[in-house]
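Undergrad:
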Amino acid sequence: MMEIKAVSFAPENPPLAELLAAKLAGISLPTDASLPPDSPYSLQFSNGLKLHGKNVLLRYIGRIAKLYGDNPFEAGKIDEWLEYAPVLSQGSAFESACKHLDDYLGSSTFFANQSLSIADIAIWSGLAGTGKRWESLRNSKKYPNLSRWFNSLLAEYGDALNEVTATFIGKKGPGKPTATKTKGTQADQQLKSVNGDVSEKGKAGSKPTFEVDLPEAEVGKVRLRFAPEPSGYLHIGHSKAALLNQYFAQRYQGQLIVRFDDTNPDKESNEFVDNLLKDIETLGIKYETVTYTSDYFPQLMEMAENLIRQGKAYVDDTPREEMKKERMDGIESKCRNNSVEENLKLWNEMIDGSKRGKECCVRGKLDMQDPNKSLRDPVYYRCNPTPHHRIGSKYNLYPTYDFACPFVDSIEGITHALRSSEYHDRNAQYYRVQEDMGLRKVHIYEFSRLNMVYTLLSKRKLLWFVQNEKVSGWDDPRFPTVQGIVRRGLKVEALIQFILEQGASKNLNLMEWDKLWTINKKIIDPVCPRHTAVIEERRVLLTLTNGPEKPFVRIIPRHKKYEGAGEKATTYTRRIWLDYADAESIKVDEEVTLMDWGNAIVKGIEKDTDGNLKLTGVLHPEGSVKTTKLKLTWLPESDELAKLSLMEFDHLITKKKLEDDEDFVDVVNPCTEKETAALGDSNMRNLKRGDVLQLERKGYFRCDVPYLRPSKPIVLFAIPDGRQQTGSK
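Position one of the sequence shown corresponds to residue 277 (the numbering used here), numbered consecutively onward.
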């Protein structure tokens, strides 16, 4: 074997698979990271010979290390996977690639043959090289076969794999297989973010490391719940809670259940239940089962009656406002010392829903002098004649969240209840209620609530917008609901990454939307197809006097750097449409570039009294694109152009952060959407609802209403890219 002198590469693009293969084979591979950007890999030998190209180097090492199959067929299968592996670095194609790989591994232990090969190394390094994108999926149950395979390589070759990835990806490596993870692995690094009990090492300016642990958690014995109230759709704030629950369930090899806290029939409906389950699925949350607090109504009533009999609860008929004032002032209710018999009598009136019963509520007898006002005899039960969305009119009274939650958490075997830090003052109440009930204690783990600028996350306030028809529904693209932001064009992968990157502080943070949309752009830009549009109003006709006498068509890529985006047909004609804003900036005899065609020189500009323009010019194919100032998008004059409706959206309120005493109605944004009529290339008639595309020089869009007929426009929603000023000033 010739002696290898060095492998050379650009520092931002290390040959990870080649380095891993050499490390596993015990081949010394000196590195030289001095090549300029976009340079091909180069393998230099001591005798002066060289090899160039990614897979060329990998195959060479594979042949030496006997990792390239035992026969030509196996080598051919390995080649297939080597050609496929680059898709892992192609934006939103990543998850579909993971699914393909997962399906294949459902019946195979390795790729290509029955033992480790360079195909496995190429795919493993492709996954590891994406960092948090793969880690968030590996720690989930979404692709079990792929995770099993990835972890098995880590278990067998962990030292070598971690050493190379730590050196050349600039991280701590993928850590240990997730199946054996307890703490301190890279998953913790990624979730540093979500918050928690945090140990920070290093000084300001350095990158802190975090360990996030649940108190007294044991691997295999953790049981968590994500417990939304079915009174609205899942929003971005809930997403953090859901993903955090899933993270800990997976990290401790425990269980996660979904429970609907359906104790308030005035606000809840089956519509919300169905859509919450849909949103949970969208986020990729894997759960064991779905339960409802209403499943436990009989046991909760029995518990309330037991507490009354034990003197730990009483029935109170103090009017609500007066009761609120007494609690604030620490004044005991006149009913607090009623006899058990009197309390039971009124309790039965409440159960019957009588006039007298409706005047009453059940309160816990805790401590009216406690500085923590949540312990000042909280309400446990209230009368409510509204039928329940699941069980109809069976009950005339319902438990409060403060009473039901600690009971059901303990009964369902929950070990840790994750609650946002806004509930901090109520933690003492939660523990006291469980103690009075004589139930097993459930640990509370606090995390910081996710707040966004110019955004309301209160379901009550969001409902106001729906009921007052300020928005089209809970999936309106201006809403912070999962369905709303996905409809606007956000990839769920971006949302997950954004949440995993949040700071570890338990303080309430106000986050900018720009960061989320920037992450989203990095996912969609490498793969979304490019199309062309011209604003319809005052569009300008440019006549090219030496243009084609008859229109002709060329087939060109929809994305110049991503073949997977497919191709489109572009028609070239003598008369073409330009945007008015572009035409207005052109001077006579100026040379411009017509994108995807070539240069042209504008020879004449006509302007009528209304400011409308007409241009004439000549094609100048020998002109250089590098010398022109204006690079113009254009469309052919044709009846085949597609009508477009371009929709832009603004925030629903005009203030970054609403103060506690401020009425949100006073800061409602009166103008939150703008519609612009445009014309698009004829290929856009093939768009499907949900497709993401880039209109060149106009930005990214999501197709909300596809082509139906010539008279109906295709509706495209503008997707922020993190640079646009989408907030009110």
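Ideal Cβ positions, reconstructed from N, Cα and C, are used throughout, including at glycine.
What does W853 pair with, by DSSP beta-bridge criteria?
TA: L817 and L911.
Undergrad: Below 8 Å between beta carbons: does that hold for C636 and C659?
TA: Contact flag set, yes.
Undergrad: Exposed or buried, what is A293 when buried is set at 16 or more other beta-carbons lying within 10 Å of its beta-carbon?
TA: Looking at its Cβ environment, which holds 16 or more other Cβ atoms inside 10 Å, A293 is buried.
Undergrad: Quick check: what's the CA-CA separation for F597 versus Y656?
TA: Checking the displayed sequence, the identity of residue 597 turns out to be Glu instead of Phe. If you take the alpha carbons of E597 and Y656, they lie about 17 Å apart.
Undergrad: Does DSSP classify S686 as helix, strand or coil?
TA: Looking at S686 - three-state DSSP - the assignment turns out to be helix.
Undergrad: Cα separation between D646 and V941?
TA: The alpha-carbon atoms of D646 and V941 are separated by roughly 36 Å.
Undergrad: Leaving out five residues before and five after A455 in sequence, what residues of the same chain have Cβ atoms less than 7 Å from its Cβ?
TA: Low local confidence applies: a pLDDT of 38 at A455 is under 50, so the model's placement there is unreliable, and no value is given.
Undergrad: Could you work out which residue in E935, G633 and L311 is closest to Y674 when comparing CA atoms only?
TA: Ranking E935, G633 and L311 by Cα distance to Y674 puts G633 first.
Undergrad: If we require 4 or more residues per run, which alpha helix (DSSP H) segments fall completely within the stretch 707–766?
TA: The qualifying runs are 735–743 and 758–764.
Undergrad: Per the contact definition of three or more C-beta pairs closer than 8 Å, is the stretch 523–530 in contact with the stretch 572–586?
TA: Contact fails: fewer than three Cβ-Cβ distances are below 8 Å.
Undergrad: Could you give the residue range of the beta strand (DSSP E) that holds S696?
TA: Taken as a continuous stretch (DSSP letters only), the beta strand (DSSP E) holding S696 covers H692 to S696.
Undergrad: With 16 as the cutoff for other CB atoms within 10 Å, does P989 come out buried or exposed?
TA: Classification of P989: buried, given that the 10 Å Cβ count is 16 or more.
Undergrad: For T909, collect the residues of the same chain with a Cβ closer than 6 Å to its Cβ; drop the 5 residues on either side in sequence, then sort them by chain order.
TA: Once the five neighbours on either side are set aside, the close Cβ partners of T909 are T808, M871, E972 and R973.
Undergrad: Hey, how far is the Cα of N624 from the Cα of T757?
TA: N624 and T757: Cα-Cα distance of roughly 41 Å.
Undergrad: How many Å lie between A369 and R716 at the Cα?
TA: Spanning the two alpha carbons is a distance of roughly 47 Å.
Undergrad: Between the alpha carbons of Y905 and V868, how many angstroms are there, rounded?
TA: A small correction: the amino acid at residue 905 is Lys; Tyr does not occupy that position in the sequence shown. Cα to Cα, K905 sits roughly 7 Å from V868.
Undergrad: So, for V991: in the same chain, excluding its five sequence neighbours on each side, which residues have a beta-carbon less than 6 Å away from its beta-carbon?
TA: Closer than 6 Å at the Cβ level, and outside the excluded window around V991, lie S921, D980 and V981.
Undergrad: Tell me which residues share the same chain as A301 and place their Cβ nearer than 6 Å to its Cβ, disregarding the 5 neighbours each side in the sequence.
TA: A341, listed in sequence order.
Undergrad: Can you say whether L437 is buried or exposed, counting buried as having 16 or more other CB atoms within 10 angstroms of its CB?
TA: So L437 ends up on the buried side.
Undergrad: Please state whether DSSP places H807 in a helix, a strand or coil.
TA: It is a strand residue.
Undergrad: Along the chain, where does the alpha helix (DSSP H) that runs through G513 open and close?
TA: Counting along the chain, the alpha helix (DSSP H) containing G513 begins and ends at I512 to R527.
Undergrad: S372 lies in the alpha helix (DSSP H); which residues open and close that run?
TA: Element bounds for S372: A369 to L381.
Undergrad: Which stretch, first to last residue, makes up the beta strand (DSSP E) that contains R1026?
TA: Summary: the structure shown does not reach residue 1026, with the chain confined to residues 277 through 1005, and so no result is reported for it.
Undergrad: Does the beta-carbon distance from T847 to P827 come in below 8 Å?
TA: For T847 and P827, yes; Cβs fall inside 8 Å.
Undergrad: Going by CA-CA distance only, name the one from L327, K516 and M923 that's closest to S697.
TA: The candidate whose alpha carbon is nearest that of S697 is K516.
Undergrad: Give the secondary structure of P574 by DSSP, where H, G and I count as helix, E and B as strand, and everything else as coil.
TA: Note: P574 maps to helix in three-state DSSP.
Undergrad: What residue does the beta strand (DSSP E) around S921 start on, and which one ends it?
TA: Per DSSP, S921 belongs to the beta strand (DSSP E) from A918 to F925.
Undergrad: Could you check if D379 is buried or exposed, using at least 16 other CB atoms within 10 Å of its CB as the buried criterion?
TA: That one is exposed.
Undergrad: Checking 8 Å against the spacing of the C-beta atoms, do L319 and F444 come in under that value?
TA: Not closer than 8 Å, so no.
Undergrad: On the DSSP bridge list, what partners appear for V283?
TA: For V283, which the question treats as bridged, DSSP gives the partners T307 and L319.
Undergrad: If I'm right that I337 touches A298 with Cβ under 8 Å, what's the distance once you round it to whole angstroms?
TA: That pair is a contact at about 5 Å.
Undergrad: One question on the structure: do D685 and Q705 come within less than 8 Å of each other, judged by their Cβ atoms?
TA: Result no, Cβ atoms of D685 and Q705 do not sit closer than 8 Å.
Undergrad: How would you call S734, buried or exposed, if buried means at least 16 neighbouring beta carbons within 10 angstroms?
TA: Its Cβ having fewer than 16 others within 10 Å, S734 is exposed.
Undergrad: For Y590, which beta-bridge partners are listed by DSSP?
TA: Note: Y590 sits in a beta bridge opposite R639.
Undergrad: Within a Cβ cutoff of 6 Å, which residues of the same chain sit near K562, ignoring the five residues on either side of it in sequence?
TA: Closer than 6 Å at Cβ, skipping near neighbours: K417.
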